[in-house]
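Just so you know, the UniProt record's numbering puts 271 at position 271 of the sequence shown, and the rest follows in order with no gaps. From the three backbone atoms N, C-alpha and C, an ideal C-beta is built for every residue, glycine too. See below for the structure under consideration.
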Amino acid sequence: MSAVLESMSTTPSADALAAPVPEKRPRSQRLASQGVTLSNGKSRLRGVVLTVLPPLMGLGLLVLLWQIVSVNNSSFPSPAVTFAEALRMFADPFYRNGPNDQGIGWNILASLKRVALGFGLAAVVGIALGFMIGRFNFLAGMFNPIISLLKPVSPLAWLPIGLLVFKSADPAAIWSIFICSIWPMIVNTAAGVQRVPQDYMNVARVLQLSEWKIFTKILLPSVLPYMLTGVRLAIGTAWLVIVAAEMLTGGVGIGFWVWDEWNSLNVPHILIAIAVIGVVGLALELALVALAKAFTYEEAGN
1 MSAVLESMST TPSADALAAP VPEKRPRSQR LASQGVTLSN GKSRLRGVVL
51 TVLPPLMGLG LLVLLWQIVS VNNSSFPSPA VTFAEALRMF ADPFYRNGPN
101 DQGIGWNILA SLKRVALGFG LAAVVGIALG FMIGRFNFLA GMFNPIISLL
151 KPVSPLAWLP IGLLVFKSAD PAAIWSIFIC SIWPMIVNTA AGVQRVPQDY
201 MNVARVLQLS EWKIFTKILL PSVLPYMLTG VRLAIGTAWL VIVAAEMLTG
251 GVGIGFWVWD EWNSLNVPHI LIAIAVIGVV GLALELALVA LAKAFTYEEA
301 GN
């Protein structure tokens, strides 16, 4: 009897038999999976470091060179002095003490307004003209000599013409932006149209598509990358030109503000303005890059 009880006590229960037995992986596999995890973490950390570290090192080198120049030239403000003046200036960028004494914020907005007007007009005219030049050989033969002749002319050379025609500084500055922004858009758009495969145009001719169908279904999707490249080049040129034009025409604007600060020998403000001009130009270009990535064919067709 005791032997029977002893055998029953050693027999596993049904619950014990039903319970899953934990799988034991070999130690080499466990170490390998941990190694993969550690390797992924290291690669992500390395990617972050390679993304952040080079720009920080470049900015650090620029500040170091700036400090060296300021040490060797007492009239040149140091980075610390300029930074302190920037904090004071941007504490109230939109003050008004009269028409010739306004905060840097108003000057930036005035310049952006002129750029928007001149650049917008150049986009409307330049892109349309680029499509026509690329589409029709007769127009290409007529306009190519004019473009080749006028494109190398400095934008500031057009400023006296604008002052003579418009009799005012504001339209003259907008005219300078227009005339310097239009060439990249014409040239890049026309080049894109001329690079459309001829087979596409042959199919359109066989199907007897209208010019509007050819434009929306064939030309625009193919030309869009070229067109956006021209727009990016033009906005950078327009922002460069407005600063120089405002130095000559006066009034309210970031270019006039820089010239006014130079007349007052306020070098920290000039350095701050240089940084602001660079940041605004970079922001404009990044905005256009984002627009180019988000712009789809369906949106273009609509």
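Between residue i and the rest of its own chain, which residues show a CB-CB distance below 7 Å, the 5 nearest in sequence each way excluded?
i	result
VAL241	PRO155, SER176, ILE177, CYS180
From this set, the options, which residue's C-alpha is nearest residue i's C-alpha?
i	options	result
PRO160	GLY141, LYS213, THR249, ILE235	THR249
SER264	ALA245, GLN198, ASP101, ARG44	ASP101
ALA275	VAL49, ALA173, LEU62	LEU62
GLN198	LEU219, GLU211, TRP212, MET185	LEU219
GLY162	THR82, ALA245, SER222	ALA245
SER168	ARG44, GLY251, ASN73, LEU109	GLY251
GLY281	VAL243, ALA204, GLY130, VAL49	VAL243
GLY130	GLY120, LEU117, ILE147	ILE147
ALA173	MET247, LEU286, PRO93	MET247
Using the rule of at least 16 other Cβ atoms within 10 Å of the residue's Cβ for burial, across every protein chain shown, is residue i buried or exposed?
i	result
GLY58	exposed
THR237	buried
ALA283	exposed
VAL115	buried
ILE212	Correcting the residue type first, residue 212 is Trp in the shown sequence and not Ile. Looking at its Cβ environment, which holds fewer than 16 other Cβ atoms inside 10 Å, TRP212 is exposed.
Can you tell me whether DSSP reads residue i as helix, strand or coil?
i	result
ARG195	coil
GLN102	strand
Taking the continuous alpha helix (DSSP H) assigned at residue i, which residues delimit it?
i	result
VAL165	159-166
THR82	79-90
VAL267	267-294
SER222	220-249
PRO145	137-150
VAL258	254-263
LYS217	That residue, LYS217, is in no alpha helix (DSSP H); it is neither H nor E in DSSP.
Less than 6 Å between C-beta atoms, sequence neighbours within five positions excluded: which residues of the same chain meet that for residue i?
i	result
TRP183	LYS151
HIS269	GLU261
ASN188	TYR226, THR229, GLY230
ILE186	GLY126, LEU129, GLY130
Any heavy atom of the ligand PLP closer than 7 Å to the CB of residue i?
i	result
LYS293	This structure lacks the ligand PLP, and indeed carries no ligand of any kind.
Excluding five sequence neighbours on each side, which residues of the same chain lie with their C-beta closer than 8 Å to the C-beta of residue i?
i	result
ASP170	ARG114, THR249, GLY251
SER75	VAL267
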